[in-house]
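In this note's numbering, the protein residues as written are 45 to 470.
Here a beta-carbon is modelled for each residue, glycine too, at the ideal position from N, C-alpha and C.
Owing to the predicted nature of the structure, the values given are computational and were not obtained by experimental measurement.
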Ligand code: MN
């Protein structure tokens, strides 16, 4: 039986709106108050299945035994797609309501199942490199209109390749990590001179990240099949952006420090295998892509994505946007094939950001830049506050899920609270 079978049920109770049914089984790294050693686990309902403990209990076979007693999933990912598939099948079988091994062994359950609420979630992988793309047509068009004016909304190269830039792996953090408002150079439109100080236009970018579990050699191009085999899974990603720093620094080489101070990802990596039933067609690509960028049907995934904001004065998050991963013009596989086309080597642990995901309507926009139309139209929040860009104390959260029949493949959350800028050194 496939681990994606909608009929599967676990002996662990899972609510219909839980992010973590037996059909999901996303990988993360966690520790507990009683055992501070980070190790690899899988989320199921309100629990984490401790894979290191499961292996020690003799309930999980793996090609490389201690691969789960690590503070990152990289070594497991490096074992390759047949091991990913076999391991997921074993875990699915063990958690199946019909399998007695763990279900009826109270001592083994006590050793291997940890209440999720009591665990600390760590960054799930060692990020080797981080590249970020710009592959939502609606976002690219909106950004072009806001920054350069209507006439040149979409740059002439945009329809021929997935535009991207090399970002920073060093400042990728797990959900829950506070984000310090960055200092930098900016020059407001009406100012005569640039100045150095706290960003006044701090923004979020709602994105998905693809996590590579395989690498490629320098000089090697990738076929569609090779690219597909390299994708281990997906995460929610917030590419925090300082728009005022970006506007002053980006010419002529593109974004640099405006996006290098922090990027937040969700703690659970949802496998490509779990998302397979949710593949959908992407937008028609016209002109047709070059042969090296061509991909068969089902380029995209139907994942609902919510953007939520809670100011220091609010009790609950308010949803300010709802968009979908299926809106992407260029797919993750096309981004990967493009990334390698000059011979750029890709590595286990690389993350590729999709780019901000926006839809056609005002309530489907993935950044405050677009939601406030460049800061000219403040958005209203429950309780009477308004926002153009983020203020100190604001908490921004991304949530996402793919809806199956009676269950959902959820991603958890990628959230962070804005801390005030540090004083300027004198
Ligand atoms: Mn971005």
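Could you give the residue range of the alpha helix (DSSP H) that holds residue 283? The residue given as residue 283 occupies position 239 in the chain shown. Residue 283 -> no alpha helix (DSSP H), and no H or E assigned at all.
Is DSSP giving residue 19 helix, strand or coil here? Nothing in the structure corresponds to residue 19, since the chain is present only between 45 and 470.
For the ligand MN, residues whose Cβ lies under 5 Å from any non-hydrogen atom: 176, 249, 283
Once you ignore the five residues that flank residue 455 on each side, which residues in its own chain have a CB closer than 6 Å to its CB? Your numbering for residue 455 matches position 411 in the chain shown. Cβ neighbours of residue 455 beyond the five flanking positions: 280, 310, 314, 444.
Distance check for residue 231 and residue 69, CA to CA, integer angstroms please. As a first step, residue 69 is located in the chain shown; it is residue number 25 there, counting from the start. As a first step, residue 231 is located in the chain shown; it is residue number 187 there, counting from the start. Each residue's alpha carbon lies about 47 Å from the other.
CA-CA distance, residue 176 and residue 195? Translated into the one-based positions of the chain shown, residue 176 becomes position 132. Translated into the one-based positions of the chain shown, residue 195 becomes position 151. The alpha-carbon atoms of residue 176 and residue 195 are separated by roughly 25 Å.
Is the region 318-335 in contact with the region 222-236, if contact means three or more CB pairs nearer than 8 Å? no
Beta-carbon proximity check, residue 241 vs residue 468, cutoff 8 Å: Within the chain shown, residue 241 is the residue found at index 197, counting from 1. Within the chain shown, residue 468 is the residue found at index 424, counting from 1. Yes, the Cβ-Cβ distance between residue 241 and residue 468 is below 8 Å.
Are there 16 or more other CB atoms within 10 angstroms of the CB of residue 161, so buried, or fewer, so exposed? Against the chain shown, residue 161 aligns to sequence position 117. Under this definition residue 161 is an exposed residue.
According to DSSP, what are the bridge partners of residue 94? Translated into positions along the chain shown, residue 94 becomes position 50. According to DSSP, residue 94 bridges with 85.
Looking at the unbroken alpha helix (DSSP H) that takes in residue 330, where does it start and where does it end? Start at 1 with the first residue of the chain shown, and residue 330 comes out as number 286. That residue, residue 330, is in no alpha helix (DSSP H); it is neither H nor E in DSSP.
DSSP three-state label for residue 23, please. Residue 23 lies beyond the stretch modelled for the chain, which goes from 45 to 470, so this question has no answer here.
Nonlocal neighbours in the same chain, by C-beta distance under 7 Å from residue 403, ignoring five residues either side: As a working note, residue 403 is residue 359 in the chain shown. Hits under 7 Å: 182, 367, 368, 371.
On the DSSP bridge list, what partners appear for residue 74? Locating residue 74 in the chain shown gives position 30, counting from the first residue. Paired residue(s): 83, 165.
Paired residues, beta bridge with residue 68 - DSSP: The sequence position of residue 68 within the chain shown is 24, counting from 1. DSSP output for residue 68 lists no bridge partner at all.
Give a yes or no on contact between the region 241-255 and the region 403-413, applying the rule of three or more CB pairs nearer than 8 Å. yes
Between the beta-carbon of residue 156 and the beta-carbon of residue 93, is there less than 8 Å? What you label residue 156 is simply residue 112 of the chain shown in a count that begins at 1. What you label residue 93 is simply residue 49 of the chain shown in a count that begins at 1. Yes.
Do residue 173 and residue 376 have their C-beta atoms closer together than 8 Å? Start at 1 with the first residue of the chain shown, and residue 173 comes out as number 129. Start at 1 with the first residue of the chain shown, and residue 376 comes out as number 332. Cβ distance not < 8 Å, so residue 173 and residue 376 don't count as in contact.
Quick check on the DSSP output: the alpha helix (DSSP H) that includes residue 145 runs from which residue to which? Taking the chain shown and counting its residues from 1, the one referred to as residue 145 is at position 101. Unbroken alpha helix (DSSP H) run through residue 145: 144-147.
Only counting the same chain, and skipping five residues up and downstream in sequence, which positions put a Cβ closer than 6 Å to that of residue 87? Counted from its first residue, the chain shown places residue 87 at position 43. Around residue 87: 64, 70, 312.
Output the distance between the C-alpha atoms of residue 268 and residue 153, rounded to the nearest integer angstrom. Locating residue 268 in the chain shown gives position 224, where the first residue counts as 1. Locating residue 153 in the chain shown gives position 109, where the first residue counts as 1. So the two alpha carbons sit approximately 41 Å from each other.
So which of 260, 169, 399, 360 has the shortest CA-CA distance to residue 206? For this step, residue 206 is matched to residue 162 along the chain shown. The shortest Cα separation from residue 206 among 260, 169, 399, 360 belongs to 399.
To the nearest angstrom, how far is it from the Cα of residue 438 to the Cα of residue 188? Here residue 438 corresponds to residue number 394 of the chain shown, with the count starting at 1. Here residue 188 corresponds to residue number 144 of the chain shown, with the count starting at 1. If you take the alpha carbons of residue 438 and residue 188, they lie about 27 Å apart.
Going by the beta-carbon positions, is the gap between residue 448 and residue 221 smaller than 8 Å? Residue 448 sits at position 404 when you count from the first residue of the chain shown. Residue 221 sits at position 177 when you count from the first residue of the chain shown. In this structure, residue 221 does not lie closer than 8 Å to residue 448 by Cβ.
What does residue 397 pair with, by DSSP beta-bridge criteria? Here residue 397 corresponds to residue number 353 of the chain shown, with the count starting at 1. DSSP, once it has assigned bridges, lists 176, 253 as partnering residue 397.
Inspect the CB distances between the region 45-54 and the region 99-117 and report whether three or more fall short of 8 Å. no
Below 7 Å CB to CB, which residues in the same chain sit around residue 273 once its five sequence neighbours on both sides are set aside? In the chain shown, counting from the first residue as 1, residue 273 sits at position 229. So the qualifying residues of the chain are 125, 258.
Between the Cα of residue 179 and those of 168, 442, 158, 204, spot the shortest distance and give me the residue it belongs to. Taking the first residue of the chain shown as position 1, residue 179 is located at position 135. The candidate whose alpha carbon is nearest that of residue 179 is 204.
Fully enclosed by the region 392-458, which beta strand (DSSP E) runs are 3 residues long or longer? 395-397, 439-448
Identify whether residue 230 lies in helix, strand or coil by the three-state DSSP scheme. Translated into positions along the chain shown, residue 230 becomes position 186. Of the three classes helix, strand and coil, the one that applies to residue 230 here is strand, per DSSP.
Less than 8 Å between the beta carbons of residue 336 and residue 265, yes or no? Looking up residue 336 in the chain shown gives position 292. Looking up residue 265 in the chain shown gives position 221. It is a contact, given that the beta carbons lie within the stated cut-off.
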